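Asker:
2 protein chains.
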Amino acid sequence: MSAAEGSGNGSKHARVILQQCLSARLMVQLATDSVDAEYVQIGRGLIVYVCFFKGASETMIDNMVKSVLKARLSKQTDGGRLVSILDLPGDVMIMPQSTLGGKLKGNAMKFNGNIQKEEGFRLYSHFVEKCEKAVASANVETGHNSIVLYGTYGNKTEVFSTESPTNGQYTHYIEF
Amino acid sequence: MSAAEGSGNGSKHARVILQQCLSARLMVQLATDSVDAEYVQIGRGLIVYVCFFKGASETMIDNMVKSVLKARLSKQTDGGRLVSILDLPGDVMIMPQSTLGGKLKGNAMKFNGNIQKEEGFRLYSHFVEKCEKAVASANVETGHNSIVLYGTYGNKTEVFSTESPTNGQYTHYIEF
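Keeping their order, the protein sequence lines are chains A and B. Numbers given in this note's numbering equal positions in the first sequence, counted from 1, plus 3. Numbers given in this note's numbering equal positions in the second sequence, counted from 1, plus 3.
As structure tokens, then:
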């Protein structure tokens, strides 16, 4: 096992992709013969893809939540000023995304650096919970009613659709 | 100037995010009082977000195109086998995404490592052209009719919408 494999992704323990969206919709119930598919939806806001590497721990979560929710990435409609998703204010959709941790070897993605599934689920749940608390607390302060939705860890059947502006501040990347 | 700033992003010269999609639509003409907005669209395929750092050069492009088009990331509908986008076969939507190169300092994204705009445009154009050629050549071999669409470098008014499966092989990350 190489050093990089042993410690996840070198000195990095989590990878986050942020995408601005005008709306995003997540299928929570597949269509069957008798019922239509069901969706949950956010309005303008931020989609947060999260992947943890080996070595990630709970002590990182507060910093991750702060970075994601307070980073000034969103353009206010009335001008050029960039504000955080809490200040926009906007909704948040969190998506577990273990595939983000892959490393391309030849033509195949290898996931040796990814955290184990149970541990990843635990950290993902903490991350979601702390984002929910931070947004709820911002809502109390500002009187807004922003929501946090999230994908199910390990669920492979979700369908996800987004409408996104590519206004030069669209997809961002953060490592922790 | 730190070493990291001088050389872009340390030893890395480009960052690519790949997202599987069921369809993706790109606005190419804003709606006005007299005309509706116009869109171009791909079907099932791959969205390729590309960002170049300082130090990136044309010699990397062939390897980038090969990695992106030949990486086995797409699940065939009839089974679990992963195949490349050329073998799926699927369409390709390329999106310039300079924001991907940002580094979070405090609550602001800094883009010191990004390549200069003119040079980035030149490399982006090469990347698009070589992807088009590779897909065209695969089409001749296979008899398929896959398409390559791409966003305009530096265009800030495009609106982008996608429908994506989150089947566990959805968002991938590659550095070059």
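All residues carry an ideal CB built from backbone N, CA and C; glycine is no exception. Predicted model, so just to flag it, every value in this text is computed and none were measured.
Under 8 Å by Cβ, that's how I've got K57(B) and G116(B) pegged, so tell me the actual separation to the nearest angstrom.
Answerer: Confirmed, Cβ separation roughly 6 Å.
Asker: Where I97(B) and V131(B) are concerned, what is the direct C-alpha to C-alpha distance, given to the nearest angstrom?
Answerer: For I97(B) and V131(B), the distance between alpha carbons rounds to 7 Å.
Asker: DSSP state of A7(B), grouped into three classes?
Answerer: Bear in mind that the predicted position of A7(B) carries a pLDDT of just 41, short of 50, making it too unreliable to give a figure here.
Asker: Cβ closer than 9 Å: which chain B residues qualify as neighbours of G46(A)?
Answerer: Within 9 Å Cβ-Cβ: nothing; G46(A) doesn't reach chain B, min ~14 Å.
Asker: Can you give, in chain order, each stretch of the alpha helix (DSSP H) that sits fully within the stretch 46-76 of chain A and has at least 4 residues?
Answerer: Fully enclosed alpha helix (DSSP H) runs of 4 or longer: 64-73.
Asker: Looking at chain A, is there any beta carbon in it that lies within less than 8 Å of the beta carbon of I64(B)?
Answerer: With 8 Å as the cut-off, I64(B) does not count as an interface residue toward chain A.
Asker: Is H129(A) helix, strand or coil when you go by DSSP?
Answerer: It is helical.
Asker: Could you tell me the distance, in whole angstroms, from the CA atom of S87(A) to the CA atom of V138(A)?
Answerer: Between S87(A) and V138(A), the C-alpha separation is close to 12 Å.
Asker: Closest to N110(A) by C-alpha separation, out of I177(B), G154(B), A141(B), T155(B), would be which residue?
Answerer: It is I177(B) whose Cα lies nearest to the Cα of N110(A).
Asker: Would the beta-carbon of L107(B) fall within 8 Å of that of I20(B)?
Answerer: Not closer than 8 Å, so no.
Asker: Residues in the same chain with beta-carbon distance under 6 Å from S26(A), minus the five sequence neighbours each way, listed in chain order, please.
Answerer: So the qualifying residues of the chain are G46, E166.
Asker: Of all Cβ atoms in chain B, is any one closer than 8 Å to the Cβ of Q167(A)?
Answerer: This sequence places Ser at residue 167(A); Gln is not what is there. Chain B, which has a Cβ nearer than 8 Å to the Cβ of S167(A), makes this yes.
Asker: Pull up the distance between the alpha-carbon of T35(A) and that of E122(B), whole angstroms please.
Answerer: Looking at the two C-alpha atoms, the distance is approximately 51 Å.
Asker: Considering only residues of the same chain and omitting the five flanking positions on each side of H147(A), which have a CB-CB separation below 8 Å?
Answerer: So the list reads P92, A141, once near-sequence residues are dropped.
Asker: Would Y52(B) pass as a contact of T155(A) if the rule is Cβ separation under 8 Å?
Answerer: The answer is no: Cβ separation not under 8 Å.
Asker: Reducing DSSP to helix, strand and coil, say where G171(B) ends up.
Answerer: Low local confidence applies: a pLDDT of 47 at G171(B) is under 50, so the model's placement there is unreliable, with the coordinate-based value given in what follows. Reduced to three states, the DSSP call for G171(B) is coil.
Asker: Over what stretch of residues does the beta strand (DSSP E) that includes K113(A) continue unbroken?
Answerer: Unbroken beta strand (DSSP E) run through K113(A): 111-113.
Asker: Is DSSP giving T145(B) helix, strand or coil here?
Answerer: In the structure shown, T145(B) sits in a helix (DSSP, three-state: H, G or I).
Asker: Helix, strand or coil, according to DSSP, for F124(A) in the structure here?
Answerer: Helix.
Asker: For the stretch 133-149 of chain B, enumerate the residues whose C-beta is nearer than 9 Å to any C-beta of chain A, in chain order.
Answerer: Cβ contacts with chain A: none found.
Asker: Cα separation between I150(A) and L89(A)?
Answerer: Spanning the two alpha carbons is a distance of roughly 11 Å.
Asker: Between which two residues does the beta strand (DSSP E) containing R18(B) stretch?
Answerer: Run containing R18(B): 17-24, per the beta strand (DSSP E) assignment.
Asker: In whole angstroms, what is the alpha-carbon distance linking K136(B) and L49(B)?
Answerer: Answer to the nearest angstrom: the Cα atoms are 16 Å apart.
Asker: Can you tell me which of the three DSSP states V38(B) falls into?
Answerer: Coil.
Asker: Nearest to R75(A) by alpha carbon, out of L126(A), L33(A), L85(A), S37(A)?
Answerer: Checking every option, the nearest Cα to that of R75(A) belongs to L85(A).
Asker: Name the one or two DSSP bridge partners that Q44(A) has.
Answerer: R28(A), per the DSSP bridge assignment.
Asker: Tell me, please, which residues DSSP counts as bridged to V95(B).
Answerer: The partner list for V95(B) (beta bridge, DSSP) reads L49(B), V151(B).
Asker: Tell me where the beta strand (DSSP E) around L107(A) begins and ends.
Answerer: That run of the beta strand (DSSP E) goes 106-108.
Asker: When DSSP labels each residue in this structure, what does L89(A) get in the three-state scheme?
Answerer: L89(A): coil per DSSP, three-state reduction.
Asker: Can you check whether the CB of Q100(A) is closer than 8 Å to the CB of C54(A)?
Answerer: Yes; because the gap between Cβ atoms is below 8 Å, this pair is in contact.
Asker: In chain A, which residues lie less than 7 Å from S128(B) when you measure between Cβ atoms?
Answerer: Going along chain A, no residue has its Cβ under 7 Å from S128(B), so there is no contact; the nearest lies around 18 Å.
Asker: F179(B) and H16(B): beta carbons closer than 8 Å?
Answerer: A contact, by the Cβ cut-off of 8 Å.
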